[in-house]
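Remarks on the structure that follows.
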Amino acid sequence: MYLNVEQPANFPEMGYNLDNNPVTEAGFELGKSLFYDGKLSANDAIPCAFCHEQAFAFTHHEHTVSHGVNGGIGTRNAQPIQNLAYQSEFMWDGAATHLDFQPIIPLTSEVEMGETLSNVLSKLSADAYYQKQFPKAFEDGEINSENMLKALSQFMLMMVSSNSKYDKYVRSEDGVVLTEIELDGLNTFQNKCATCHATDLFTDHSYRNNGLSINPKLDDKGRYDIFEDPADLYKFKVPSLRNVELSLPYMHDGRFSTLEAVLNFYDSGMTDNGNVDQAFNREDGSLGITLSDYEKESIIAFLYTLTDNEFLTDDRFSEY
1 MYLNVEQPAN
11 FPEMGYNLDN
21 NPVTEAGFEL
31 GKSLFYDGKL
41 SANDAIPCAF
51 CHEQAFAFTH
61 HEHTVSHGVN
71 GGIGTRNAQP
81 IQNLAYQSEF
91 MWDGAATHLD
101 FQPIIPLTSE
111 VEMGETLSNV
121 LSKLSADAYY
131 QKQFPKAFED
141 GEINSENMLK
151 ALSQFMLMMV
161 SSNSKYDKYV
171 RSEDGVVLTE
181 IELDGLNTFQ
191 NKCATCHATD
201 LFTDHSYRNN
211 GLSINPKLDD
221 KGRYDIFEDP
231 ADLYKFKVPS
241 LRNVELSLPY
251 MHDGRFSTLE
261 AVLNFYDSGM
271 TDNGNVDQAF
281 NREDGSLGIT
291 LSDYEKESII
301 AFLYTLTDNE
311 FLTDDRFSEY
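The sequence shown begins at 1 in the UniProt record's numbering and counts up by one.
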């Protein structure tokens with residue numbers, strides 16, 4: 001039985017080619033089992049869901065950076081899993097250029113899941129449940145890396161967050177209206193934030209240096225480490241702001257624990273680290289986005305309208 005990946009009216013076209021991996025009920029269920037199974041990690045205790053909790057938009061709640069096997073500490077904040085069907089590059093630095101290959105990075109990271117594909121496949125092949133489920137999901141019935149990764153993709157492709165108050169307002173559904181402060185926040189957001197956080201995915205998928213001071217403990221150079229292009233130094237992918245109310249802490253290293261702190265940073269805390277995006281240049285030569293106290297308050301009120309409780313509580317994505 002084939003499943004339809006949702007295509008909301010206010011979303012762009014998908015970036016994922018479903019012709020190469022159509023979502024089926026069996027494939028989705030297999031992917032869900034894999035997502036919640038610790039066998040994908042070296043100590044059999046760290047599933048994908050360890051760093052991606054549904055109630056918090058599939059992020060690692062209140063952890064600045066990811067934690068992994070044997071007490072391993074990563075270097076970056078775990079990103080939300082939502083609307084991945086509409087993206088073509090993944091991770092903070094764009095290291096993965098196809099959703100099917102993205103899980104390989106955390107799975108093989110020494111500080112995350114610490115495993116190898118061959119070891120994972122050996123464990124799955126010895127498991128009676130997976131011996132039955134792979135043939136149900138794939139015609140060749142093979143327990144191999146291609147089928148495992150495609151099943152994970154099928155599960156993640158269905159994770160579409162599109163039913164927030166904002167979405168219903170945009171689509172004129174159910175008579176939903178925004179309050180005065182939410183509308184003010186929307187207008188300010190469109191004027192001062194949407195260059196990078198373009199609607200309605202609330203990201204333009206670009207990589208930008210947003211003037212963060214260099215974290216001496218990490219010295220994470222961002223996209224520079226992929227191509228070693230000096231122009232990419234300290235650039236990170238612009239994150240989506242959907243469900244941002246719950247995906248704290250913020251930034252690639254989780255340095256800010258509140259949205260107020262994020263907006264205060266953009267107003268008066270940016271640092272010239274040598275490669276800051278031109279979008280942050282003020283007319284007086286300083287860096288930042290000038291925001292009044294009310295503008296900050298209204299932006300946050302608007303951002304709360306991006307919380308999609310239907311997605312956050314959808315049983316399809318919950319652990320069994």
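Virtual Cβ for every residue (Gly too), placed ideally from N, Cα, C.
Presumed contact (8 Å Cβ cut-off) between residue i and residue j, rounded CB distance
i           : j           : result
residue 201 : residue 240 : 6 Å
residue 151 : residue 30  : 4 Å
Contacting residues, own chain, Cβ-Cβ under 7 Å from residue i (five flanking each side not counted)
i           : result
residue 182 : 301, 302, 305
residue 69  : 41, 42, 43, 46, 113, 114
residue 95  : 105, 226
residue 203 : 197, 238, 239, 240
residue 28  : 3, 154, 155, 158
Cα-Cα separation, residue i to residue j
i           : j           : result
residue 235 : residue 75  : 15 Å
residue 35  : residue 21  : 17 Å
residue 133 : residue 1   : 14 Å
residue 272 : residue 215 : 14 Å
residue 249 : residue 258 : 7 Å
residue 9   : residue 161 : 13 Å
residue 123 : residue 88  : 30 Å
residue 197 : residue 276 : 17 Å
residue 121 : residue 103 : 14 Å
residue 307 : residue 242 : 6 Å
residue 136 : residue 26  : 6 Å
residue 50  : residue 107 : 12 Å
residue 3   : residue 23  : 5 Å
residue 220 : residue 274 : 15 Å
residue 260 : residue 184 : 17 Å
residue 55  : residue 119 : 30 Å
residue 210 : residue 280 : 8 Å
residue 320 : residue 293 : 44 Å
residue 12  : residue 129 : 38 Å
residue 193 : residue 127 : 49 Å
residue 109 : residue 174 : 45 Å
residue 256 : residue 52  : 19 Å
residue 315 : residue 278 : 43 Å
DSSP state of residue i mapped onto helix, strand, coil
i           : result
residue 58  : coil
residue 137 : helix
residue 90  : strand
residue 316 : helix
residue 53  : strand
residue 259 : helix
residue 31  : helix
residue 214 : coil
residue 322 : Here the chain has residues from 1 to 320 only, and residue 322 is not among them.
residue 231 : helix
residue 26  : helix
residue 237 : strand
residue 99  : helix
residue 274 : coil
residue 38  : helix
residue 287 : strand
residue 281 : strand
residue 46  : coil
Whether residue i touches residue j by CB criterion (8 Å)
i           : j           : result
residue 208 : residue 238 : yes
residue 266 : residue 285 : no
residue 172 : residue 115 : no
residue 295 : residue 188 : yes
residue 72  : residue 111 : yes
residue 246 : residue 299 : no
residue 148 : residue 317 : no
residue 60  : residue 78  : yes
residue 145 : residue 186 : no
residue 105 : residue 91  : yes
residue 312 : residue 57  : yes
residue 232 : residue 222 : yes
residue 83  : residue 310 : no
residue 64  : residue 269 : no
residue 212 : residue 251 : yes
residue 153 : residue 100 : yes
Own chain partners of residue i with C-beta closer than 8 Å, once the 5 adjacent residues on each side are dropped
i           : result
residue 169 : 176, 177, 178, 305
residue 190 : 199
residue 131 : 125, 143
Beta-carbon proximity list for residue i, same chain, < 6 Å, skipping 5 on both sides
i           : result
residue 125 : 143
residue 85  : 5, 14, 16, 157
residue 32  : 155
residue 37  : 47
residue 39  : 123
residue 7   : none
residue 206 : 238
residue 322 : In the structure as shown, the chain begins at 1 and stops at 320. Residue 322 is therefore absent and cannot be evaluated.
residue 138 : 147
Check: residue i C-beta below 7 Å from any heavy atom of the ligand COA
i           : result
residue 229 : This structure does not include the ligand COA; it has no bound ligands of any sort.
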